[in-house]
Amino acid sequence: MKTQLTIRKKIIMMVALILTLITVCGSYTFYSIYPLSKSWSSYQEQVSMRQQLLMSIKANFGYGGMIHNFKNYVLRGQDKYLPKIENDFKNLLDDIAKYQLLEGVSPQESKALDSITEVASNYYSNSKRISHFFADGESPQYVDSVAKISDKAALEGFEVLDKHYQALTQEYSSRINGAISSATMATVTGLLLVALVITFVLLWLYRSLIPPLLTLNQTMTEIAEGEGDLSVRIEVEKDDELGGVAKAFNLFVSKLEVIIAEEKKIIAQINSSAEDLQEVTQSSNSAIESQLSNTEMLATAINEMTATVQDVAENAVMASDAAVKVNTSAHEGHRAVNNTVEQILNVHQHIDQASNVIHEVNKASENIDQVLNVISGIAQQTNLLALNAAIEAARAGESGRGFAVVADEVRGLAQRTSTSLEDIKQIIEQLQTGANSAVASIELGVNEASNASEIARVAGTSIDGIVESIQSVESMNLQIATATEEQNTVAEEMNKSVHDISTMTSSIYDGSQQISKQSHNLAQTTKRLKQLVGSFKTQVS
1 MKTQLTIRKK IIMMVALILT LITVCGSYTF YSIYPLSKSW SSYQEQVSMR QQLLMSIKAN
61 FGYGGMIHNF KNYVLRGQDK YLPKIENDFK NLLDDIAKYQ LLEGVSPQES KALDSITEVA
121 SNYYSNSKRI SHFFADGESP QYVDSVAKIS DKAALEGFEV LDKHYQALTQ EYSSRINGAI
181 SSATMATVTG LLLVALVITF VLLWLYRSLI PPLLTLNQTM TEIAEGEGDL SVRIEVEKDD
241 ELGGVAKAFN LFVSKLEVII AEEKKIIAQI NSSAEDLQEV TQSSNSAIES QLSNTEMLAT
301 AINEMTATVQ DVAENAVMAS DAAVKVNTSA HEGHRAVNNT VEQILNVHQH IDQASNVIHE
361 VNKASENIDQ VLNVISGIAQ QTNLLALNAA IEAARAGESG RGFAVVADEV RGLAQRTSTS
421 LEDIKQIIEQ LQTGANSAVA SIELGVNEAS NASEIARVAG TSIDGIVESI QSVESMNLQI
481 ATATEEQNTV AEEMNKSVHD ISTMTSSIYD GSQQISKQSH NLAQTTKRLK QLVGSFKTQV
541 S
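For the sequence shown, UniProt numbering puts the final residue at 541, and the numbers step up evenly by one.
If you want it as structure tokens, here you go:
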């Protein structure tokens with residue numbers, strides 16, 4: 001049958017029992033100590049106060065007090081001692097009055113206090129009387145001889161007070177000692193009772209807690225240090241906290257059994273994956289080695305390409321310089337062609353002017369031919385007229401002889417005119433023929449000049465195209481040089497990138513080697529983990 005009392009309830013019951021016992025023992029001890037407290041209060045009220053007042057009375061009465069000041073006054077006769085005597089006497093009476101008010105003052109104490117008061121009063125009254133002696137001029141020796149006061153009654157009173165104080169002290173000491181003994185006995189008894197109860201409770205708790213704890217510890221030890229049989233369960237016999245721990249432990253072992261079974265499967269998969277990973281890393285190592293070799297070859301090729309690009313850049317710069325020179329020469333040729341065209345145009349203009357002049361000359365020669373024709377007609381008419389005049393002169397005879405001579409001269413002049421006209425006509429015809437030839441030559445020259453001007457214009461246009469082409473070539477050379485420089489920069493960056501890739505490939509290769517090593521270690525670890533997990537026995541498949 002399972003017990004329903006939990007450890008918490010057991011501890012609460014134990015604590016409640018101990019607290020109850022401590023309360024009872026404390027109450028008993030308190031009531032045992034109460035008389036001690038009461039006796040101590042009475043002691044302080046009766047004995048301690050008597051002691052303080054008795055000491056104060058003695059101080060005000062004896063040495064340093066009233067009698068001492070009285071003796072000094074008698075021997076020295078100084079009035080400064082009178083206030084001291086009066087003050088001591090007043091304080092003495094106050095202390096005696098307080099003593100009289102104490103509880104339980106016996107008749108013997110009252111009589112002793114009266115005796116002390118009487119002696120003190122005697123000293124006080126004599127101090128007043130002595131002051132008159134000193135005022136009358138008496139000497140200290142005389143005053144001392146007449147001021148004889150007996151202290152016997154006061155001393156006997158002090159002796160009675162001392163004896164009574166000692167008796168009270170002994171009485172209250174006996175009371176206090178008895179109360180202390182009773183309180184000590186009560187305390188020891190209570191402590192023993194508490195110790196017995198605590199021992200009983202601890203034994204009860206031990207029997208309730210230790211055996212289940214030992215069973216739990218033994219089962220855990222068997223699982224931890226034994227064969228790892230996770231099918232073992234703790235038998236739950238209680239519903240207390242230990243029973244809860246046992247249930248939780250059984251539940252934990254059940255879950256652990258399932259987890260271990262799953263871990264066996266997972267470890268088998270990890271082991272297979274580790275072996276596959278090892279094979280993949282080996283293949284990756286081969287591929288990375290090949291990539292590293294290809295990267296080195298690519299770096300070499302890029303270095304060579306960089307050198308070639310640098311040569312191309314230098315040649316492009318040289319071609320650009322040559323294009324600049326050719327452009328300069330082409331500009332000079334263009335200027336020369338333009339000058340030639342201008343000169344040809346000037347020649348063409350002059351030839352046109354000459355052609356116009358020759359045409360005018362040809363026209364003028366034609367006009368001259370017309371004039372000559374007119375002159376020839378006139379000469380023929382003149383010749384006819386001269387012939388008619390000669391005929392008429394011949395008819396006139398002698399009178400007409402002079403007229404005949406004139407007619408002969410006129411006829412001769414007409415003939416010479418006709419002859420000169422023929423010569424002039426021939427010359428004019430030659431002139432016209434030369435003019436026509438000159439016109440034809442000039443027209444041919446004009447055509448040739450036009451053709452030369454057109455050719456020069458075409459040559460100028462061609463030179464312009466050449467200049468533009470040279471400028472384009474120069475621009476392209478500059479672009480080629482710039483592109484070559486950029487290509488050189490890109491090639492250097494590519495070289496750097498390939499170098500970085502080579503470095504990264506080397507790092508990847510090292511990392512791959514490390515991964516291969518770690519995968520091998522993982523395979524070994526999974527094998528070891530498989531052995532460790534296999535050491536646990538489970539019923540879950």
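C-beta: ideal position from N, C-alpha, C; glycine also. Keep in mind that this is a model prediction, so the values were computed, not measured.
{"Query": "So for D229, helix, strand or coil by DSSP?", "Result": "strand"}
{"Query": "Given S516, which residues of its chain have a CB within under 6 Å of its CB, disregarding the five upstream and five downstream residues?", "Result": "T281"}
{"Query": "By Cβ distance below 8 Å, which residues in the same chain neighbour Y142 in space, the five residues on each side in sequence not counted?", "Result": "F133"}
{"Query": "Exposed or buried, which one is Y81 when buried takes at least 16 other CB atoms within 10 Å?", "Result": "buried"}
{"Query": "Just the Cα atoms here: how many angstroms apart are Q170 and N177?", "Result": "10 Å"}
{"Query": "For M14 versus V201, is the C-beta distance shorter than 8 Å?", "Result": "yes"}
{"Query": "Look at the Cβ atom of I149, then the Cβ atom of Y124, and state whether they are nearer than 8 Å.", "Result": "no"}
{"Query": "Given this structure, state the Cα-to-Cα distance separating K325 from Q471, to the nearest angstrom.", "Result": "11 Å"}
{"Query": "Just reading off the alpha helix (DSSP H) that K111 is part of, what are its end residues?", "Result": "107 to 135"}
{"Query": "Can you give me the C-alpha to C-alpha distance between T419 and L387, rounded to a whole angstrom?", "Result": "17 Å"}
{"Query": "Select from S173, A299, L53 the residue whose C-alpha is nearest the C-alpha of D500.", "Result": "A299"}
{"Query": "Under the rule that 16 or more other beta-carbon atoms within 10 Å means buried, what is M66, buried or exposed?", "Result": "buried"}
{"Query": "Does the CB of Q514 have a neighbour CB from chain C at under 8 Å?", "Result": "Among the protein chains of the structure shown there is no chain C, as only one such chain exists."}
{"Query": "Ignore the nearest five residues each way along the sequence and tell me which others in M1's own chain have a CB closer than 6 Å to its CB.", "Result": "At M1, the pLDDT of 49 sits below 50, so the modelled position is not reliable and the matter cannot be decided from this model."}
{"Query": "DSSP on A287, reduced to helix/strand/coil?", "Result": "helix"}
{"Query": "Please go through the same chain and pick out, in chain order, the residues whose beta-carbon is closer than 8 Å to the beta-carbon of D95, but skip the five residues on each side of it.", "Result": "L53, S56, I57, N60"}
{"Query": "For G77 and Q166, what's the separation of their Cα atoms in angstroms?", "Result": "40 Å"}
{"Query": "Since S502 and E296 should fall inside the 8 Å C-beta cutoff, what is the C-beta to C-beta distance between them, to a whole number of angstroms?", "Result": "6 Å"}
{"Query": "Between the stretch 186 to 197 and the stretch 105 to 114, do at least 3 Cβ pairs fall closer than 8 Å?", "Result": "no"}
{"Query": "Just the C-alpha distance for F158 and K90, rounded to the nearest angstrom, thanks.", "Result": "18 Å"}
{"Query": "Taking 8 Å as the limit between beta carbons, can you name the residues of its chain near V160, skipping five residues before and five after?", "Result": "Q108, E109, K111, A112"}
{"Query": "List the endpoints of the continuous alpha helix (DSSP H) containing I96.", "Result": "81 to 100"}
{"Query": "CA-CA distance, K163 and D136?", "Result": "45 Å"}
{"Query": "Give the C-beta separation of S208 and K9 to the nearest angstrom, bearing in mind that I take them to be a contact with Cβ-Cβ under 8 Å.", "Result": "No, S208 and K9 are not in contact; Cβ-Cβ is about 11 Å, not under 8 Å."}
{"Query": "Let me confirm a value: E257 is counted as buried when at least 16 other C-beta atoms fall within 10 Å, else exposed. Which label applies?", "Result": "buried"}
{"Query": "Whose C-alpha, out of V253, D369, Y509, N521, is nearest the C-alpha of S293?", "Result": "Y509"}
{"Query": "How should L522 be labelled, buried or exposed, when 16 other C-beta atoms within 10 angstroms of its C-beta is the threshold for buried?", "Result": "buried"}
{"Query": "Nearest-angstrom Cα distance between K152 and S121?", "Result": "14 Å"}
{"Query": "Taking V245 and L216 to be in contact with their CB atoms under 8 Å, please state how far apart those CB atoms are, rounded to whole angstroms.", "Result": "7 Å"}
{"Query": "Taking its Cβ as the centre, do 16 or more other Cβ atoms sit within 10 Å of I12, making it buried, or is it exposed?", "Result": "exposed"}
{"Query": "For Q539, I'd like the list of residues in its chain whose CB is within less than 6 Å of its CB, leaving aside the five on either flank, ordered along the chain.", "Result": "S231"}
{"Query": "Give me the Cα-Cα distance between Q218 and N285, rounded to the nearest whole angstrom.", "Result": "53 Å"}
{"Query": "If you run the structure through DSSP and keep just helix, strand and coil, what is K148?", "Result": "coil"}
{"Query": "Nearest to L532 by alpha carbon, out of Q349, Q415, I260?", "Result": "I260"}
{"Query": "Within its chain, find whatever has a CB closer than 8 Å to the CB of A390; leave out the 5 residues flanking it on each side and keep chain order.", "Result": "A404, A407, D408, R411"}
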